[in-house]
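Residue numbers (this note's numbering), protein chains in the order written: chain A, 1 to 208; chain B, 209 to 416.
C-beta: ideal position from N, C-alpha, C; glycine also.
Number of protein chains: 2
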Amino acid sequence: MILSTLTALTYRQQQLLSYIETTMAELGYPPTLYEMAKAMGDITVKGVKDHLRALEKKGYLRCQPGKRRAVEILQGRLFRGEGIPVVGRVAAGMPVLAVENIEGTLPLDPKFAGGGRQFALRVRGDSMTGVGIFEGDYIIVRQQETADSGDIVVALLGDEATVKIFRKKGRAVFLEAANPAYPDIPLKQQTPLPKILGRVVGLYRTIK
Amino acid sequence: MILSTLTALTYRQQQLLSYIETTMAELGYPPTLYEMAKAMGDITVKGVKDHLRALEKKGYLRCQPGKRRAVEILQGRLFRGEGIPVVGRVAAGMPVLAVENIEGTLPLDPKFAGGGRQFALRVRGDSMTGVGIFEGDYIIVRQQETADSGDIVVALLGDEATVKIFRKKGRAVFLEAANPAYPDIPLKQQTPLPKILGRVVGLYRTIK
DNA sequence: GAATATACTACACATAAGTATAGTATGTCA
DNA sequence: TGACATACTATACTTATGTGTAGTATATTC
Numbered sequence: 001m002i003l004s005t006l007t008a009l010t011y012r013q014q015q016l017l018s019y020i021e022t023t024m025a026e027l028g029y030p031p032t033l034y035e036m037a038k039a040m041g042d043i044t045v046k047g048v049k050d051h052l053r054a055l056e057k058k059g060y061l062r063c064q065p066g067k068r069r070a071v072e073i074l075q076g077r078l079f080r081g082e083g084i085p086v087v088g089r090v091a092a093g094m095p096v097l098a099v100e101n102i103e104g105t106l107p108l109d110p111k112f113a114g115g116g117r118q119f120a121l122r123v124r125g126d127s128m129t130g131v132g133i134f135e136g137d138y139i140i141v142r143q144q145e146t147a148d149s150g151d152i153v154v155a156l157l158g159d160e161a162t163v164k165i166f167r168k169k170g171r172a173v174f175l176e177a178a179n180p181a182y183p184d185i186p187l188k189q190q191t192p193l194p195k196i197l198g199r200v201v202g203l204y205r206t207i208k
Numbered sequence: 209m210i211l212s213t214l215t216a217l218t219y220r221q222q223q224l225l226s227y228i229e230t231t232m233a234e235l236g237y238p239p240t241l242y243e244m245a246k247a248m249g250d251i252t253v254k255g256v257k258d259h260l261r262a263l264e265k266k267g268y269l270r271c272q273p274g275k276r277r278a279v280e281i282l283q284g285r286l287f288r289g290e291g292i293p294v295v296g297r298v299a300a301g302m303p304v305l306a307v308e309n310i311e312g313t314l315p316l317d318p319k320f321a322g323g324g325r326q327f328a329l330r331v332r333g334d335s336m337t338g339v340g341i342f343e344g345d346y347i348i349v350r351q352q353e354t355a356d357s358g359d360i361v362v363a364l365l366g367d368e369a370t371v372k373i374f375r376k377k378g379r380a381v382f383l384e385a386a387n388p389a390y391p392d393i394p395l396k397q398q399t400p401l402p403k404i405l406g407r408v409v410g411l412y413r414t415i416k
């Protein structure tokens, strides 16, 4: 997302790009050349095509020759993505991302949080306020089964998912809260054995 | 985004929807019926069309009759949007959202943070850690020029944008930090007069 | 002047891509 | 059984939509 390395656009090119972006944001698919021509004040489709060619040359979009409505925006204020599935409850023995567990989508591009296989959870409780994770926050979790000491992880304890700091001290492995009111949880004395579901890589909060 | 009120899909319908979503996430535009037919294991376009009709009837998508590649997803894991412009610096006398100030886009759907006219800023400093706003966080700001007491606002002091809690006590109006190391800033004794740029409505953080 | 970029016009052509017709087969429910 | 839903087949037709040709006009640079 580096704007400064792209060639500047003329007024008309910017106008066309903006129209395409607005249509795509609104409908989810690009306009046809004819629709663009109408929107640009009744110019011809040839005129539009020449602008598209210039925009393509400058790196803003890509057209598939011959294909209808096949305009891909490469640079601009639009983004698209699959969002991050919000998991409602996690049951032992079931894949986290099973359809039954999904209760919605966090409309954020997973690539912004580093990509990989991700899910989101709503935080319950105040055990992690010391590191700025509050009740009601969405945490974004990259699925992985191992962690380094100091990582914030989501672990499955019995049938309960919990967010804590993963710590290794010598041979001891435990989960540490970021709130002194909560004691450390050793990982090796639980039955069934706890399982790391992933590492926390991002957070979203709606304020007030 | 309420999944439970939608009619359940058959396996094949879900498969088609998933293919459409994946293509749109990847390319930014929908596949043609022919492409869908290929992807579904070489069935006919008529077969695909019947599935699309069922998906439309169930509320998952909408097709424009006769238009090429005009499939709009209404429900699913896909989202689209214009993102939230990230403002790099704010200069007095200039609109916040002037093109020159924009240094990128936060790929989050603005509607998720309540909509309205929004911009994002990167937080510098630690004056708001008491409310879980940390250095490096993106805060999402809805543009407005007034605030209620207790709102977290972005205000322009001279040429510097600052994030604080807006407080009204009797006739006194000031900006309060959420960190005791920072003193209150009275609003009525500044030259030039400070200006509220907006209210903080959301926060995003990448972790580690 | 020539070359290039930008911003268009007019029109005919070409084809990518959806629609329609007429089905078959299987499963479920009243 | 009949009605409806689902999941397809085959084929011809129709048209929405991009491409190509041949330009004009203006501005800038060498």
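Candidates the options, of which the one nearest residue i by Cα
i, options, result
"B/L401", "B/D334, B/P388, B/L364", "B/L364"
"A/V99", "A/V153, A/G88, A/K67, A/K169", "A/G88"
"B/D367", "B/L224, B/A233, B/L383, B/T399", "B/T399"
"B/A385", "B/D359, B/V409, B/R261", "B/D359"
"B/R285", "B/G340, B/A300, B/L225", "B/L225"
"B/Q351", "B/D258, B/G410, B/M336", "B/G410"
"A/L55", "A/P180, A/I84, A/T206, A/L9", "A/L9"
"A/I43", "A/R12, A/G93, A/V154, A/Q64", "A/R12"
"A/V123", "A/V153, A/S149, A/G47", "A/V153"
"B/L417", "B/V349, B/K266, B/I393, B/K416", "Past the edges of chain B, shown from 209 to 416, lies residue 417 of chain B, and the structure says nothing about it."
"A/D184", "A/M128, A/Q15, A/Q64, A/V200", "A/M128"
Separation of residue j from residue i, as counted between CA atoms
i, j, result
"A/T241", "A/A70", "This structure does not reach residue 241 of chain A, given that chain A is present from 1 up to 208, and the question cannot be answered."
"A/G126", "A/Y60", "According to the sequence as given, residue 126 of chain A is Asp; it is not Gly. The straight-line gap from Cα to Cα measures roughly 45 Å."
"A/Y182", "B/P318", "36 Å"
"A/K188", "A/L121", "25 Å"
"B/E353", "B/A247", "52 Å"
"A/R62", "B/E234", "13 Å"
"B/D258", "B/E229", "18 Å"
"A/F112", "B/R379", "44 Å"
"A/G83", "B/R261", "25 Å"
"A/F272", "B/E311", "This structure cannot speak to residue 272 of chain A, because chain A is shown only from 1 to 208."
"A/V96", "A/I139", "15 Å"
"A/Y204", "B/Q283", "22 Å"
"B/K403", "B/Y227", "49 Å"
"B/G289", "A/F119", "20 Å"
"B/N387", "B/D345", "16 Å"
"B/V256", "B/M244", "7 Å"
"B/S357", "B/V253", "60 Å"
"B/G340", "A/V131", "8 Å"
"A/M94", "A/K208", "34 Å"
"B/G323", "A/L106", "15 Å"
"B/Q222", "A/Q14", "38 Å"
"A/K58", "A/G41", "23 Å"
"B/P394", "A/Q64", "58 Å"
"A/T206", "B/N309", "24 Å"
"A/V200", "B/V408", "24 Å"
"B/M232", "A/M24", "11 Å"
"B/R325", "A/A92", "43 Å"
"B/V381", "A/V173", "50 Å"
Assumed close pair residue i, residue j - CB separation to whole angstroms, cut-off 8 Å
i, j, result
"B/E202", "A/G198", "Look at the range of chain B in this structure, 209 to 416, and you will see that residue 202 of chain B is not part of it."
"A/A147", "A/F134", "That pair is no contact at about 22 Å."
"B/K376", "B/L383", "With 8 Å as the limit, B/K376 and B/L383 do not qualify as a contact, their Cβ atoms being about 11 Å apart."
"B/A369", "B/V294", "Incorrect: roughly 13 Å between the Cβ atoms, too far for contact."
Where the region 389–416 of chain B meets chain A: residues whose CB sits under 9 Å from a CB there | Within the region 389–416 of chain B, the residues whose Cβ lies closer than 9 Å to some Cβ of chain A are R407, V408, V409, G410, L411, Y412, R413, T414, I415, K416, listed in chain order.
With 7 Å as the C-beta to C-beta threshold (strictly closer), list the residues of the region 57–91 of chain A near chain B in chain order.
-> For the region 57–91 of chain A, which is checked against every Cβ of chain B, the residues closer than 7 Å are R68, R69, A70, V71, E72, I73, R77, L78, F79, R80, G81, E82, G83, P85.
Do the region 24–36 of chain A and the region 68–85 of chain A make contact, defined as three or more Cβ pairs closer than 8 Å?
-> With a cut-off of 8 Å, the region 68–85 of chain A and the region 24–36 of chain A count as touching, because enough Cβ pairs lie within range.
Mind listing which residues of the region 349–363 of chain B have their C-beta closer than 9 Å to chain A's C-betas, in chain order?
-> Residues of the region 349–363 of chain B with a C-beta atom less than 9 Å from some C-beta of chain A are G358, D359, I360, listed in chain order.
Just by C-beta distance, which residues in the region 106–122 of chain A are closer than 8 Å to chain B?
-> Interface annotation for the region 106–122 of chain A against chain B: L106, P107, L108, D109, K111, F112, A113, G114, criterion Cβ-Cβ distance under 8 Å.
Interface residues of the region 24–44 of chain A facing chain B [CB-CB below 8 Å] | For the region 24–44 of chain A, which is checked against every Cβ of chain B, the residues closer than 8 Å are M24, A25, L27, G28, Y29, P30, T32.
Against chain B: residues of the region 4–21 of chain A by CB proximity under 8 Å = Hits within the stretch, in order: E21.
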